Amino acid sequence: MHKDDQALIFELSTPGRIGYSLPEMDVPETDINELIPAGYLREEEAELPEVAELDIMRHYTALSNRNHGVDSGFYPLGSCTMKYNPKINENVARFPGFAHVHPLQDESSVQGAMELMYDLQEHLIEITGMDQVTLQPAAGAHGEWTALMMVRAFHEANGDLKRTKVIVPDSAHGTNPASATVAGFETITVKSDDNGLVDLDDLRRVVGEDTAALMLTNPNTLGLFEEHILEMAEIVHGAGGKLYYDGANLNAVMSKARPGDMGFDLVHLNLHKTFTGPHGGGGPGSGPVGVKADLIPFLPKPVLVKQDDKYVFDYDRPQAIGRVKPYYGNFGINVRAYTYIRTMGPDGLKAVTEYAVLNANYMMRRLQDAYDLPFDRHCKHEFVLSGRRQKKLGVRTLDIAKRLLDFGYHPPTIYFPLNVEECIMIEPTETESKETLDAFCDAMLQIAKEAEENPEIVQEAPHNTVIGRLDETLAARKPVLRYQKQ
Ligand SMILES: *Cc1c(COP(=O)(O)O)cnc(C)c1O
């Protein structure tokens with residue numbers, strides 16, 4: 001399968017080579033057969049590669065250079081905010097006072113760490129316009145679920161037991177309906193109108209006494225700001241429902257508009273997106289949830305509070321939904337987000353939003369003649385194109401994504417949102433230079449030209465990568481294939 005001469009670690013193996021050194025044994029040797037029942041013991045020796053330390057080092061360094069990350073190249077994956085994560089965040093997260101604390105330590109011995117968490121909460125309250133924030137949820141979807149569990153507890157506390165439905169627009173992030181379902185609600189979908197915004201008539205039609213909440217991804221996954229939020233708030237609140245804001249991509253509105261001021265009752269943020277926690281590859285995230293005052297009693301416990309000059313965890317919360325994560329959230333990611341907020345300052349955070357939106361609009365306008373632009377209006381931090389014109393030439397959006405690999409780019413999100421045919425969803429983020437944006441646009445324009453003049457080159461892409469097209473279903477279902485000795 002591999003085109004170049006990079007050997008597998010097993011192919012590098014030479015019997016007797018070792019990559020470790022252990023001290024001489026100073027305890028009596030034990031017979032493994034006495035320790036482990038025979039049924040559990042392997043019958044043959046494990047097939048492990050035998051390689052010297054330096055060769056292992058070179059092998060994995062070479063492999064790591066083939067990986068695509070934000071630090072190695074442009075990564076315009078829509079709805080993922082793959083932006084640069086400043087390295088100062090890493091330095092601060094590694095301060096021994098942060099890195100070496102144990103969650104079971106006595107509160108009096110970790111006041112500094114608790115102060116950081118408290119200050120971060122205060123900053124997020126200010127940024128979102130909410131009344132209180134919990135840092136417990138471990139990621140965005142977890143924050144959504146946490147928020148919906150609070151909505152459920154709120155309605156139940158009011159004896160309002162018929163509110164079983166959560167309304168989700170068809171342009172929402174895919175995790176929204178999933179979280180609603182996991183939280184035990186029935187999901188009701190509302191349509192988008194021709195402008196890509198929530199259809200208010202359709203919303204009025206579905207809202208009623210059984211509405212628990214509306215979940216709004218804003219900007220929606222088409223990259224468009226929902227222009228009728230105040231009307232939506234009136235409709236949903238008028239029926240007794242709660243309003244939830246999916247703020248994973250806050251870098252589209254941060255320091256310009258606040259969910260709390262728009263009438264939202266709950267919001268989640270993705271600190272591993274907007275606030276530069278590294279992500280991708282399933283690393284730890286942080287999905288804090290902010291709430292308005294009437295939902296504070298339901299926050300997961302413990303709640304971090306300040307009493308006189310001390311920070312304490314308040315466990316005396318009879319209406320709390322419980323804990324949603326062991327201990328107090330992913331502290332290391334919260335340290336990074338705090339460092340980011342403090343180094344950027346209020347003006348810096350505002351500039352983030354302005355550049356994120358400017359960059360997306362700039363690219364959208366450069367590409368609008370070569371690709372179809374389904375919604376020709378100002379976008380926020382991301383935008384969608386359609387490859388339907390190229391599809392008529394026999395070049396699918398998947399082919400365009402594969403061809404981008406030849407130019408050294410991680411492809412954008414494709415075939416999502418579902419309501420756009422041959423969708424290409426591009427999120428440049430604010431950290432990229434104009435030169436980088438231009439180079440990517442040039443590649444996209446060249447691919448559009450190739451689709452017309454020489455479609456095979458796109459259909460057969462990638463040509464310059466280490467391996468060609470994978471069987472993606474097999475790769476997802478069986479990521480590790482057992483090495484077969486030749
Ligand atoms: C990324 C994202 C989520 C989910 O966040 P995770 O941390 O991946 O669970 C939810 N909503 C939107 C709009 C997102 O972009």
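To convert, note that position 223 of the sequence shown is 223 in UniProt numbering; the numbers rise steadily by one, no gaps. All C-beta atoms, glycine included, are put in the ideal place defined by N, C-alpha and C. Being a predicted model, the structure only gives us computed values, none of them experimental.
In three-state terms, what does DSSP make of residue i?
i           : result
G290        : strand
K3          : With a pLDDT of 46 at K3, under the threshold of 50, the modelled position of that residue is not reliable, and the figure given next carries that caveat. The answer is coil: DSSP assigns K3 none of H, G, I, E or B.
residue 534 : Shown here, the chain extends from 1 to 486; a query on residue 534 therefore has no answer.
L214        : strand
R469        : coil
P169        : strand
C441        : helix
Q136        : coil
D26         : coil
V253        : coil
N67         : coil
M130        : coil
H268        : strand
Y311        : strand
E234        : helix
V335        : helix
V207        : coil
F298        : helix
L304        : strand
F10         : coil
G19         : coil
G329        : coil
S386        : strand
T397        : helix
V458        : helix
Y84         : coil
G348        : helix
V420        : coil
T413        : strand
K162        : coil
E432        : coil
residue 530 : Not covered by the structure: residue 530. The range shown for the chain is 1 to 486.
Rounded to whole angstroms, how far is the Cβ of residue i from the Cβ of residue j, which I believe are closer than 8 Å?
i    : j    : result
N419 : S192 : 7 Å
E427 : E382 : 4 Å
E144 : T175 : 6 Å
K162 : E107 : Going by Cβ atoms, the distance from K162 to E107 rounds to 42 Å, so no, they are not a contact pair.
L77  : P412 : 6 Å
Y327 : P103 : 4 Å
A451 : V395 : 4 Å
L120 : N334 : 6 Å
P417 : L222 : 6 Å
L271 : S286 : 4 Å
G19  : E53  : 4 Å
L269 : G247 : 5 Å
Just checking residue i against ligand 1 - is the residue's beta carbon closer than 7 Å to any of the ligand's heavy atoms?
i    : result
G223 : no
H155 : no
S79  : yes
N270 : yes
N85  : no
H410 : no
D246 : yes
T217 : yes
G285 : yes
K325 : no
K273 : yes
N251 : no
H68  : no
G241 : no
H173 : yes
G140 : yes
Point to revise | the stretch 165-175 / the stretch 207-219 touching (three or more Cβ pairs under 8 Å) | key: yes
Practice item. May I ask you to verify whether the stretch 109-120 touches the stretch 236-249, counting CB pairs closer than 8 Å and requiring at least 3? Key: no
Practice item. Determine, using beta-carbon pairs with one atom in the stretch 85-92 and one in the stretch 329-347, whether at least three such pairs fall under 8 Å. Key: yes
Review point. Can we say the stretch 151-158 touches the stretch 363-383, given the rule of at least three CB pairs closer than 8 Å?
Key: no
Point to revise | Any 3 or more C-beta pairs closer than 8 Å across the stretch 129-137 and the stretch 285-304 | key: yes
Exercise for review: Assess, as a yes-or-no matter, whether the stretch 3-22 is touched by the stretch 40-49 under the definition of 3 or more beta carbon pairs within less than 8 Å.
Suggested key: yes
Check your understanding: Counting pairs of Cβ atoms below 8 Å between the stretch 58-77 and the stretch 16-29, do you hit three or more?
Key -> no
Point to revise | Stretch pair the stretch 315-331 + the stretch 121-129: three plus CB contacts closer than 8 Å | key: no
Review point. Between the stretch 457-472 and the stretch 423-441, do at least 3 Cβ pairs fall closer than 8 Å?
Key: no
**Study point:** Cβ contact check for the stretch 346-360 and the stretch 371-390: 3 or more pairs under 8 Å
**Key:** yes
**Study point:** contact_flag[the stretch 190-207, the stretch 223-236] where n(CB pairs < 8 Å) is 3 or more
**Key:** yes
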